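In the working numbering, the protein residues as written are 88 to 661.
Cβ atoms here follow ideal geometry from the backbone N, Cα and C, with glycine treated the same way.
The model shown is predicted, which means the values in this text are computed figures rather than measured ones.
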């Protein structure tokens with residue numbers, strides 16, 4: 088099935104133990120040539136549905152019918168006009184037009200017949216003999232369009248259908264994909280499916296994002312970029328075009344309709360769990376089409392929202408509340424080494440002890456717990472683990488989150504020190520405290536400078552912020568740091584560092600002395616209300632320097648930075 092999720096909130100997979108052997112979504116099937124590619128046109132029909140009654144997640148059918156039938160002549164003419172302009176040989180097409188009601192289907196058939204278009208209306212009230220005859224007439228070309236309602240959504244095989252008209256707002260993404268699927272079957276002589284979707288102004292609760300995500304597989308944030316850019320990244324042969332009015336309306340709808348307040352999140356959880364199914368974090372994010380950054384805020388995390396949805400407010404422990412409120416500080420985690428380890432260890436029933444962990448695993452766990460509690464010290468790590476392991480629901484939430492963060496990361500993050508206990512990966516993101524904990528510092532929160540020297544092994548960590556504002560940096564700390572090329576980076580030392588001093592000598596002669604230099608760079612300190620992480624650019628080697636107190640050093644990276652990072656750093660440095 089193209090739609091394992093059911094309209095009643097269930098899932099077809101539940102009948103088979105909840106697991107899929109393999110899953111092939113619409114966009115994958117299109118990419119593999121298993122379905123017919125489609126050309127989609129989103130067309131403004133001039134109708135405003137914003138004042139119509141909205142109840143139970145959908146429009147009132149009688150009010151839609153009054154709009155489309157009682158005052159629908161101009162809209163019917165618009166539909167026919169667009170059809171004739173877009174479909175090259177529209178009199179030989181085999182089309183389905185999905186309508187809001189029986190009266191609407193009959194009305195559209197009557198309007199088209201007036202212009203000489205061979206067509207018919209078909210609904211659940213049509214007797215079986217006539218229903219079979221109309222399907223045969225469409226298949227064999229005696230009629231070119233069937234206007235249907237509450238029928239042909241699923242379970243019907245008409246591969247000859249080459250045109251689909253959406254003549255009503257379809258609130259359910261599942262139903263929408265089922266209707267679209269009536270024309271996606273491969274058929275000899277059919278090169279593509281033409282889709283005309285007539286779109287007006289919608290109720291603020293109408294969800295365009297669910298429809299287009301189901302069609303394309305894009306996340307909500309990706310979807311907004313695709314709509315604004317004209318959908319440049321679709322499977323081969325597919326095209327989605329929105330006229331300017333529709334494009335603006337859809338973008339505005341996506342921004343408004345997606346839940347973004349605590350009250351809306353709680354309401355969504357109640358709705359999703361109405362059938363008795365537990366709502367997991369991945370399920371919730373998928374169904375609401377939001378990103379983790381939209382959900383997590385200080386004092387807002389998924390486990391607590393679920394409690395509120397069940398009417399269990401005020402039952403969280405102090406440790407859960409503190410750690411849950413800090414999950415926002417984990418949203419940048421993007422290296423597979425950490426996400427895989429966190430997902431595994433957090434689901435263990437018994438709390439691990441530091442004695443049972445590898446050295447790099449101890450450091451990774453310290454990185455996690457320091458981020459969540461902010462006051463953990465290395466000697467007290469075992470006690471912190473014991474406290475945290477009592478919060479089973481929160482551990483499960485964070486493990487789920489790590490799976491989501493891992494799936495969306497598009498960077499290759501190989502370990503920088505594969506034979507070492509230092510769990511740092513190339514081009515992965517780290518907060519200051521995380522990278523210090525990875526280097527073995529026992530109390531990361533004590534370091535506030537942009538440089539840190541780890542003695543064992545000898546590593547200089549250089550932490551660079553490119554865009555330095557007067558509010559965040561004093562005149563003596565607004566160093567001249569910038570990328571020269573993907574391999575070369577200009578860095579200015581602290582204002583008191585001299586070439587003749589031990590620190591300056593270590594920078595200049597680190598290779599001979601057996602020490603290493605690690606470069607961490609971020610564009611700015613704050614972004615979207617959160618502290619930005621540093622990206623680890625890996626090992627750097629001394630090239631040259633000029634000046635003194637501060638020293639201006641040119642470093643050569645052992646691994647060139649990706650082009651997207653380089654261009655971003657150029658822009659940030661001005």
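Based on the DSSP secondary-structure assignment, which residues constitute the bridge partners of residue 633?
-> 639
What's the gap between the Cα of residue 605 and the Cα of residue 583?
-> 21 Å
Where do the ends of the beta strand (DSSP E) carrying residue 131 lie?
-> 125-135
Pick from 365, 351 and 102: whose alpha carbon is nearest that of residue 377?
-> 351
For residue 625, write down the residues that DSSP places opposite it in a beta bridge.
-> 606
CB-CB length for residue 248 against residue 182, believed under 8 Å | 7 Å
Is the distance from the Cβ of residue 170 to the Cβ of residue 329 below 8 Å?
-> no
Same chain, Cβ closer than 6 Å to residue 597, five either side skipped, listed in chain order = 604
Pull up the distance between the alpha-carbon of residue 407 and that of residue 401, whole angstroms please.
-> 11 Å
Which partner residues of residue 234 appear in the DSSP bridge assignment?
-> 184 and 208
Which of helix, strand or coil DSSP assigns to residue 510 = coil
Look at the alpha carbon of residue 374 and the alpha carbon of residue 380, and state the distance between them as a whole number of angstroms.
-> 15 Å
Cβ neighbour criterion (16 or more within 10 Å) applied to residue 555 | buried
Three or more C-beta pairs below 8 Å linking the stretch 143-159 and the stretch 206-214 = no
Please classify residue 552: does DSSP put it in a helix, a strand, or coil?
-> strand
Any idea if residue 201 is buried or exposed, counting beta-carbon neighbours within 10 angstroms, 16 or more meaning buried?
-> exposed
According to DSSP, is residue 172 helix, strand or coil?
-> helix
Can you give the Cα-Cα distance for residue 346 and residue 225, rounded to whole angstroms?
-> 42 Å
Using the Cα positions of residue 516 and residue 416, report the straight-line distance between them to the nearest angstrom.
-> 12 Å
DSSP three-state call for residue 539: helix, strand or coil?
-> strand
Helix or strand or just coil, what does DSSP make of residue 321?
-> coil
With residue 285 as the anchor, note down where its beta strand (DSSP E) starts and where it stops.
-> 280-288
Ordered along the chain, which non-local residues of its own chain (more than five positions away) have a Cβ less than 7 Å from that of residue 574?
-> 643, 644 and 647
Kindly indicate the opening and closing residues of the beta strand (DSSP E) around residue 577.
-> 575-579
Check whether the stretch 113-125 touches the stretch 260-273, counting contact only when three or more Cβ pairs, one atom from each stretch, lie closer than 8 Å.
-> yes
Around the C-beta of residue 147, are 16 or more other C-beta atoms found within 10 angstroms, so that it is buried, or is it exposed?
-> exposed
With a CB to CB cut of under 7 Å and the five nearest residues on each side skipped, what residues in its chain are close to residue 578?
-> 549, 551, 568, 640 and 642
Roughly how far, in whole angstroms, is the beta-carbon of residue 626 from the beta-carbon of residue 607, given that I think they are within contact range, below 8 Å?
-> Contact doesn't hold; Cβ gap of about 12 Å is too wide.
How long is the line joining the alpha carbons of residue 396 and residue 355, rounded to whole angstroms?
-> 9 Å
Residue 242 in three-state terms, based on DSSP | Confidence is the limiting factor: at residue 242 the pLDDT is only 48, short of 50, which leaves the residue's position unreliable and the question unanswerable from this model.
Considering residue 523, what are the terminal residues of the alpha helix (DSSP H) in which it resides?
-> 519-525
Is the stretch 228-236 close to the stretch 178-192, with three or more CB pairs under 8 Å?
-> yes
Note down the Cα distance separating residue 524 from residue 465, rounded to an integer number of angstroms.
-> 9 Å
Beta-carbon proximity of residue 522 to residue 511, cut-off 8 Å | yes
Helix or strand or just coil, what does DSSP make of residue 145?
-> strand
From the DSSP output, read off the bridge partner residues of residue 569.
-> 577
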